[in-house]
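Here the sequence shown is numbered in the numbering used here, starting from 34 and rising by one per residue.
Quick reminder that beta carbons are idealized off the backbone N, C-alpha and C, glycines included.
Given the structure is predicted, the values throughout are model-derived calculations rather than measurements.
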Amino acid sequence: MYRGNERVDYIPGVSSTRLVDLPHFMDGSFPNILRHIHEDFSWVPKAQYLLFPSIYELETQVLDVLRAKFSLPVYTIGPLIPYFNSDNDPSDSGVFNNLKWLDSQPCSSVLYISMGSFLSVSSAQMDEITAGLRESGVWFIWVARGETGRLKEVCGDMGLVVPWCDQVRVLCHSSVGGFLTHCGWNSVREGVFAGVAFLAFPLLMDQGMVCNLIVEDWKVGLRVKKAEVKIDHLVKKFMDLEDEEGKEMRRRARELKKICHGAIAEGGSSETNINAFIRSISQGHEH
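Right, here's the structure in full:
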């Protein structure tokens, strides 16, 4: 009997999680990846410090567990988001055109879509998304590497399909009201930094657990269930600024944004950790 919805609640520092959301390599499907992870962790006892590109306030439980387990400093120094000055126009013409298109859209009306750089979406999943977008009537900007031409034809004129964009700039734009993502950790960090809500569509690896973090722990997103034939109703609900659940998600997303910006501000947790790390290595302190 398939037990994918069974909950696992005994992993230290991790909230209750469905079996289906655990990383796929844990069942032996990707032995090389599991071996590399074991090799990486074997170096921890030999290290003097552990640095994480995260924010303590966002992952308090798991970081506390790591600090209790390892007798060495554990520093969070995130979110490590590429810097840009929103007052300056980008030099890249493609980026400029994308932002110009966004400038013409109403506030929080555009759904930003990106399914990552390396893990492709299946044709069936791609068709599901395009059909849902078309029927939802929601404006969107979609980064689709290698699929740009086909998607432009299928999606019509309700959105912009591009091969690449400056993701942080786009997510921080006032017309963007949500992020449909494969739940890659780097993309999610950028979305949290920008203060947007998520439509979570995990594909594989650790993305199920990241989705769990978004939907169940932070409560800043909705999960796209793969069993759904169409997602148009979910997209409409998600982008409806008058929907009460959506309002609450966006309020929480703004709170997470404040936490991110506070962490890297003077006296914030990440800024304090970076200074402590630099001070320690400058003094040649050994652990």
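*So which of A298, L267, V225 and M242 has the shortest CA-CA distance to D42?*
Reading the sequence shown from its first residue, position 9 is the one you call residue 42. It is M242.
*Counting only runs that start and end within the region 233-287, where is the alpha helix (DSSP H) found for 4 or more residues in a row?*
240-245 and 265-272
*Do the region 241-258 and the region 140-151 meet, that is, are 3 or more Cβ pairs less than 8 angstroms apart?*
no
_By DSSP's criteria, S147 is part of a beta bridge. Which residues make up the other side?_
In the sequence shown, counting from the first residue as 1, residue 147 sits at position 114. DSSP, once it has assigned bridges, lists V176 and T214 as partnering S147.
_Buried or exposed, going by whether 16 or more other CB atoms sit within 10 Å of the CB of M191?_
Counting from 1 along the sequence shown, the entry for residue 191 is found at position 158. Exposed, since its Cβ has fewer than 16 Cβ neighbours within 10 Å.
*In or out: K308 buried (at least 16 other Cβ within 10 Å) or exposed?*
As a position in the sequence shown, residue 308 is number 275, starting the count at 1. Reading the sequence as shown, one finds Asn at residue 308 and not Lys. Exposed: under 16 other Cβ atoms inside 10 Å.
*asked:* Quick check: what's the CA-CA separation for K133 versus T109?
replied: Residue mapping note: residue 133 aligns to position 100 of the sequence shown, counting from 1. Residue mapping note: residue 109 aligns to position 76 of the sequence shown, counting from 1. The alpha-carbon atoms of K133 and T109 are separated by roughly 36 angstroms.
*Go ahead and pull the three-state DSSP assignment for Y89.*
Within the sequence shown, the letter at position 56 stands for residue 89. If DSSP states are grouped into helix, strand and coil, Y89 belongs with the helices.
*asked:* I need the straight-line Cα distance from E277 to L184, nearest angstrom please.
replied: By one-based count along the sequence shown, residue 277 stands at place 244. By one-based count along the sequence shown, residue 184 stands at place 151. When rounded, the distance between both Cα atoms is 32 angstroms.
*Tell me which same chain residues have a C-beta within less than 7 angstroms of the C-beta of Q138, skipping the five on either side of it?*
Numbered from its first residue, the sequence shown carries residue 138 at position 105. Only W172 and S208 meet the Cβ criterion.
_Inter-residue spacing [alpha-carbon to alpha-carbon] between P112 and R287_ = Position 79 of the sequence shown, counted from the first residue, corresponds to residue 112. Position 254 of the sequence shown, counted from the first residue, corresponds to residue 287. Distance between the alpha carbons of P112 and R287 is about 15 angstroms.
_Considering only DSSP beta bridges, list what T109 is partnered with._
For the purposes of this step, residue 109 is taken as residue 76 along the sequence shown, with counting starting at 1. For T109, which the question treats as bridged, DSSP gives the partners F85.
*Along the chain, where does the alpha helix (DSSP H) that runs through L204 open and close?*
Counted from its first residue, the sequence shown places residue 204 at position 171. Looking at the DSSP string, the run of the alpha helix (DSSP H) that includes L204 is Q200 to L204.
*Per DSSP, V47 forms a beta bridge with which residues?*
Stepping through the sequence shown from its first residue, residue 47 is reached at position 14. Its beta-bridge partners do not exist; DSSP assigns none.
*Just grab the DSSP bridge partners of V194 for me.*
As a first step, residue 194 must be located in the sequence shown, where it is residue number 161. Answer by DSSP bridge pairing, in chain order: W175.
*CA-CA distance, K79 and L96?*
Locating residue 79 in the sequence shown gives position 46, counting from the first residue. Locating residue 96 in the sequence shown gives position 63, counting from the first residue. In a straight line, the C-alpha of K79 is about 19 angstroms away from that of L96.
*DSSP state of F231, grouped into three classes?*
Locating residue 231 in the sequence shown gives position 198, counting from the first residue. Strand.
*asked:* Checking 9 angstroms against the spacing of the C-beta atoms, do I174 and V221 come in under that value?
replied: Position 141 of the sequence shown, counted from the start, is the residue given in the question as residue 174. Position 188 of the sequence shown, counted from the start, is the residue given in the question as residue 221. Not a contact, by the Cβ cut-off of 9 angstroms.
*DSSP beta-bridge partners for R40?*
For the purposes of this step, residue 40 is taken as residue 7 along the sequence shown, with counting starting at 1. Answer is R51.
*Considering only C-alpha positions, which residue in the set R312, K258 and E90 is nearest to Q158?*
Numbered from 1 along the sequence shown, position 125 holds the residue referred to as residue 158. Answer by Cα proximity: K258.
*How big is the Cα-Cα spacing for L105 and I88?*
Along the sequence shown, read from residue 1 onward, the residue named residue 105 stands at position 72. Along the sequence shown, read from residue 1 onward, the residue named residue 88 stands at position 55. If I take the Cα positions, the gap works out to 18 angstroms.
*Looking only at C-alpha atoms, which of D160, P196, V225 and S302 sits nearest to R284?*
Mapped onto the sequence shown, residue 284 falls at position 251. Considering only alpha carbons, the answer is V225.
*Return yes when the Cβ of P235 is within less than 9 angstroms of the Cβ of H215, no when it is not.*
In the sequence shown, residue 215 corresponds to position 182, counting from 1. In the sequence shown, residue 235 corresponds to position 202, counting from 1. Yes, Cβ-Cβ distance for H215 and P235 is below 9 angstroms.
*Among I314, V107 and V268, which has the Cα closest to the Cα of S303?*
Counted from its first residue, the sequence shown places residue 303 at position 270. Here the closest residue by C-alpha is V107.
*Verify whether the separation of the beta carbon atoms of L193 and V268 is less than 9 angstroms.*
Working through the sequence shown from its first residue, we reach residue 193 at position 160. Working through the sequence shown from its first residue, we reach residue 268 at position 235. No.
*Which of helix, strand or coil does DSSP assign to G317?*
Residue 317 sits at position 284 when you count from the first residue of the sequence shown. Reduced to three states, the DSSP call for G317 is coil.
*Residue interval of the alpha helix (DSSP H) (run including E168)*: As a first step, residue 168 must be located in the sequence shown, where it is residue number 135. Looking at the DSSP string, the run of the alpha helix (DSSP H) that includes E168 is S156 to S169.
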